[in-house]
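For reference, the structure is listed below as structure tokens.
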Amino acid sequence: MQTFATIMSSMLLFSSTGFALPAPNDSADANEATLQRRDNVICYNQGYSRSRETLVTAIDKFCDELDADQALWKNKYRENTFDTVFVSVTPKQCKAIDKPRECKIIMRQPVDGCNTDSANIKQGGTVDTSCATWRVDPNL
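Numbering (mature numbering (1 follows the signal peptide of the UniProt record, and there is no 0)) for the sequence shown: -20 to -1, 1 to 120.
Okay, structure coming up:
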């Protein structure tokens, strides 16, 4: 029989950002995280492509910069280009994400959920959550 604490901790896995967070473990690597996809992911499925490694490197740099600037917590639009990969986030009316690990998990959804036949041909896409629109685009 599940305890009340177990049931409550399971319920807390769902955040207001529109996706199910992995079990709370801030020290875990974003590469190891699994989550139930509930966000609206739109795959580009056309245009230029890059390897998964290139896209993930750009995402990691972007999310680390956002964390250093606390941009998401302040609802600021941010964009940057890393190795010809355009990455951006457009916050909506709520605080988007305040941890770089969560940013990395969201941004990897169009990388890992699109163009699933290969790790070397990734064309990016967007993720729309209740709090922000996230974009990774190798078309630059």
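Note that beta-carbon positions come from the ideal geometry of N, C-alpha and C, so glycine has one too.
Between which two residues does the beta strand (DSSP E) containing residue i stretch?
i: Cys23; result: Asn20 to Cys23
i: Arg115; result: Ala112 to Asp117
i: Asn95; result: Run containing Asn95: none; DSSP gives neither H nor E here.
i: Asn60; result: Arg58 to Phe62
i: Thr109; result: Taken as a continuous stretch (DSSP letters only), Thr109 belongs to no beta strand (DSSP E), as it is neither H nor E.
Distance check for residue j and residue i, CA to CA, integer angstroms please.
i: Val36; j: Val65; result: 10 Å
i: Thr113; j: Cys94; result: 17 Å
i: Cys86; j: Ser29; result: The displayed chain sequence assigns Ile, not Cys, to residue 86. C-alpha separation (whole angstroms): 19 Å.
i: Gly27; j: Asp92; result: 17 Å
i: Ile22; j: Ser68; result: 15 Å
i: Ile101; j: Lys72; result: 31 Å
i: Cys83; j: Gln89; result: 10 Å
Which same chain residues, not among the five before or five after residue i, have their C-beta less than 8 Å away from its C-beta?
i: Phe62; result: Thr37, Ala38, Lys41 and Phe42
i: Ala99; result: Ser31, Arg32 and Glu33
With burial defined as no fewer than 16 other Cβ atoms inside 10 Å of the residue's Cβ, what is the status of residue i: buried or exposed?
i: Asp47; result: buried
i: Thr96; result: exposed
i: Glu59; result: exposed
Check for me: the alpha helix (DSSP H) holding residue i runs from which residue to which?
i: Pro80; result: Pro80 to Met87
Looking only at its chain, what residues have a beta carbon closer than 6 Å to the beta carbon of residue i, apart from the 5 residues adjacent to it on each side?
i: Tyr24; result: Gln103, Gly104 and Gly105
i: Asn5; result: Because the pLDDT at Asn5 is just 45, under 50, the model does not fix this residue reliably, and the point stays unresolved.
i: Asp117; result: Phe66 and Gly104
i: Asn119; result: Gly27 and Tyr28
i: Pro80; result: Cys43, Asp44 and Asp47
i: Tyr57; result: Thr70
i: Arg115; result: Ser68 and Thr106
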